[in-house]
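K.L.:
One structure follows; several queries about it will come next.
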RNA sequence: GCGAGCUUGGCGGAAUGGUAGACGCACGAGACUUAAAAUCUCGAGUCCUAAAAGGACGUGCGGGUUCGAGUCCCGCAGCUCGCACCA
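In the working numbering, the protein residues as written are 9 to 880.
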């Protein structure tokens, strides 16, 4: 490379690592555990990654966006906490162990090292001293402490629950791992099995989790709506139906069935009672009736398959049992086991009112059960109104309903509840869809649940002084099931309470537990306690949380629950963990297939004007849909390869350009090359400013038009970029920076005019500072060239726009006739309306078209528009 | 089925009810060069029309409000996402 090249070519390879070292040396991104007084704090957090082995473009986009916010806020004078860590427990590590014989720990730590390196090459302003990995005892030991505190506070339960059991792998599967009733790995028919499991009592906070949503003003509406529905509050009544004439030999303790309903006023329209296949009463029936037993077993099998739910036909089986009606002492109704009744919701039983509920109607039609209309819609006649194929679920007037007749639904609802309460068989209740959170997993690579099971003392918490319960490393993966359970010695301990031989819990926590409090741990990542109050309370809530929409429900809800539980157990004193949430879109890419239908990697494909061909063979390639980058479609682009070719700033600039961050973007070769050209262009332009304009170039009193124009462009850009960044419109900020860059380049032509040298220096310096959040390395390089030996760009304040230069000196006014643009005129800002109107009317084209027309109205919106309304 | 969102040039997209298409990508023309790359300049919604002036049409479709609608209101279609028998 010649000396000349160093002035015209930006050598990102050396420059980027150099500035990363400078930042590190200066400790620019380091903040103390206790937020410093006298400066406002700002906590920026991106969802931490699972260490799968390679950073992908989705991460780059996520973290680039977060880094823009972090660097921008830092420049605005905030003390910014911006940490990074690893969601490091999880099944892929165990799969790697089984498939390739690598130990999960080794695999995970190697992946972390590789991904950390890529992250660091991208130059994110992260406080690396705070790095945590959830798979290290330092982290999960504190999690065990939290769990024990929750246990003491009554926020934990142990109870039996149904799980999907894979009989081949000897493991429990999540619902999404069960495909068509079969295990996703083993292909074995999945069984429903009851296991004793640990539950976190999230339902205890259901009302508060719902109410809290209202305070989350800076969350996307749709995420709030999703959570609201997930929590699922509904008002209604619970009531007991007594079993009429239980058959001989039936359990005498089971003399009634409790149901939940939101429509107690429709009780008179009842024609059957339905219970879930998993309902205890169904089990009783199945025990004496083989037909029922077969039906229940079948429902249980079907229940897990997604397909089954979608195509679900309503099916049921009459148990032969009957219940009495609370308001009609002489009437009894059949009890059915029905496949559409969920044991998980309400009481697992319902009364069917076919006229008022479509499902009940479908069921009634199928099994020929009576349908009685009880709600008369407005405008219908009671004598002729009937329900045929469509249930009426709306409001109306009660009919055929005894003492409720003539009332509105709402009044009748209240009255029905009052009557049930009077009879002592029911009451108004609020029901929640939210279930307690089962956290037990029969896995090795997770946080051990710190409990010891003793035959005499039951489940005994591991004493604090024995924490952390460390995962043993000498485990084997040569047979199915949980390696912790197979370990020869690990689980054999003595009971902390009575000292007798006892067994360790071999289940580990759901990995969602790990990510439910990491944001709090980041505030004091090396503390001996899970949190340090002053640190957690000082930094939390996270001011801006950024991540994918896929975590809209579970992760965010669990984190909100954990925060409340931690508050209740004294670990912190905030209620909502994330004050602002931003969900960014995905990174998509074209997909390619060869003639044999095999997916091809982008680097195997040559795109020409006549279509796409294979680089090696020259064969035609089919260009498929633009879709989410995924390994299976091979439409991925590796960030490290992009950094090698174009540098970190180019990669960052490209993912931030064009598409609004909340929307999906398409990664294209041309796009990233274009970003790379811009990096070089900006570098050249600023270098020419350094060469042309001396650092002491002064602002003359009589600045030339060219100089003034550039200065105004500079200050307008400051305002526009600031506004765009405040609103997350990074793509708009990028556009404004392109414009200023072009304006600066144009000014070179007027280099000799008065004040242009000053204006060019000002523009170049401003531009460097404004691009810094997106392209921090280039910003440092530019600023160092402009102002050698001064402070780092990363430490500088955000530029301020001079209001005097934001004021418009001349306005370009549109002139319309009947709302159609017919010409433009120039005007002084806030010029006398009469003069403006006169000039508008005289504009040649306007005058021509107004000829012979009668103007009935002249509209003048100062500094914006003139519109003439003419008579027709 | 329920809910949310989206729909603007060849493409990504911009636009407090006030000149639609900023900015970028791709494309075309030109300059520089022996040549290419790089770079720079210019052009470009569609049509009347090859160009200019001018005009017509134009932000998924149909209505409405308004002097004026991509933007607000009503209805419809298409696409995407989420939840999905929640009693």
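Just so it is clear, CB atoms sit at the ideal spot from N, CA and C, and this is done for glycine as well.
1. Mapping the DSSP letters down to three states, classify residue 509 as helix, strand or coil.
2. Please confirm whether residue 343 and residue 274 have their CB atoms less than 8 Å apart.
3. On the criterion of 16 or more Cβ atoms from any shown chain inside 10 Å, does residue 457 qualify as buried, or is it exposed?
4. Any heavy atom of the ligand NAP inside 7 Å of the beta-carbon of residue 546?
5. Which parts of the segment 122–206 are runs of the alpha helix (DSSP H), unbroken and 4 residues or longer, counting only runs that do not cross its ends?
6. Measuring CB atoms only, is the segment 66–76 touching the segment 98–118, in the sense that at least three cross pairs come out at less than 8 Å?
7. Determine which residues share a DSSP beta bridge with residue 597 and list them.
8. Can you tell which of 335, 345, 217, 422 has its C-alpha closest to the C-alpha of residue 244?
9. Can you round the beta-carbon distance between residue 50 and residue 551 to whole angstroms, since I take them to be within the 8 Å contact cut?
10. Please state whether DSSP places residue 366 in a helix, a strand or coil.
11. In its own chain, which residues sit with a C-beta less than 6 Å from the C-beta of residue 115, not counting the 5 before and 5 after it?
12. Buried or exposed for residue 312, please, with buried defined as at least 16 other CB atoms from any protein chain shown within 10 angstroms of its CB.
13. Please report the distance separating the alpha-carbon of residue 761 from that of residue 755.
14. Going along the chain, which residues of its own chain have a beta-carbon closer than 6 Å to the beta-carbon of residue 831, five neighbours each way excluded?
15. Report yes or no: do the segment 405–422 and the segment 154–173 share at least 3 C-beta pairs separated by less than 8 Å?
16. Does DSSP put residue 713 in a helix, a strand or coil?
17. Can you give me the C-alpha to C-alpha distance between residue 22 and residue 646, rounded to a whole angstrom?
18. Would you mind working out which of 485, 568, 518 sits nearest residue 218, comparing C-alpha positions?
19. Per the DSSP calculation, residue 824 is bridged to which residue(s)?
20. Take residue 665 and list the residues in its own chain whose beta-carbon comes closer than 7 Å to its own, dropping the five residues that flank it on each side.
21. What do you reckon, are the CB atoms on residue 772 and residue 779 nearer than 8 Å?
22. If you count every other CB in all the chains shown that lies within 10 Å of the CB of residue 82, and 16 or more means buried, which is it?
23. Express the C-alpha separation of residue 796 and residue 712 in angstroms, rounding to a whole number.
24. Can you tell me which of the three DSSP states residue 722 falls into?
25. Please state the DSSP three-state secondary structure of residue 113.
26. In whole angstroms, what separates the C-alpha of residue 557 from that of residue 791?
27. Tell me whether the beta-carbon of residue 538 lies closer than 8 Å to the beta-carbon of residue 153.
28. Taking only the alpha-carbon atoms, compute the straight-line gap between residue 64 and residue 99 and give it to the nearest angstrom.
29. Here's the rule I'm using: 16 or more other beta-carbon atoms within 10 Å means buried, otherwise exposed. How should residue 368 be labelled?
30. In three-state DSSP terms, what is residue 540?
31. Relative to the C-alpha of residue 649, which residue among 129, 177, 789, 495 is closest?
32. Residues in its own chain within less than 7 Å of residue 563 by CB, not counting five upstream and five downstream?
33. Using beta-carbon positions only, say whether residue 251 and residue 325 come within less than 8 Å of one another.
34. Only counting the same chain, and skipping five residues up and downstream in sequence, which positions put a Cβ closer than 7 Å to that of residue 693?
35. Alpha carbons only, please: which of 79, 24, 53, 38 is nearest the one belonging to residue 805?
36. I need the boundaries of the beta strand (DSSP E) containing residue 249, first residue and last residue.
P.N.:
Result, derived from the coordinates:
1. strand
2. no
3. buried
4. Ligands in the displayed structure: none, and consequently the ligand NAP is not present.
5. 145–160
6. no
7. 635
8. 422
9. 5 Å
10. helix
11. 101, 104
12. Reliability fails at residue 312, whose pLDDT of 47 lies under 50, so the model's placement of it is uncertain and the value that follows must be treated cautiously. Residue 312 should be labelled buried.
13. 10 Å
14. 823, 851, 853, 854
15. no
16. helix
17. 21 Å
18. 568
19. 829, 875
20. 683, 739, 742
21. no
22. buried
23. 28 Å
24. helix
25. helix
26. 37 Å
27. yes
28. 19 Å
29. buried
30. coil
31. 129
32. 520, 523
33. no
34. 749, 752, 753
35. 79
36. 241–252
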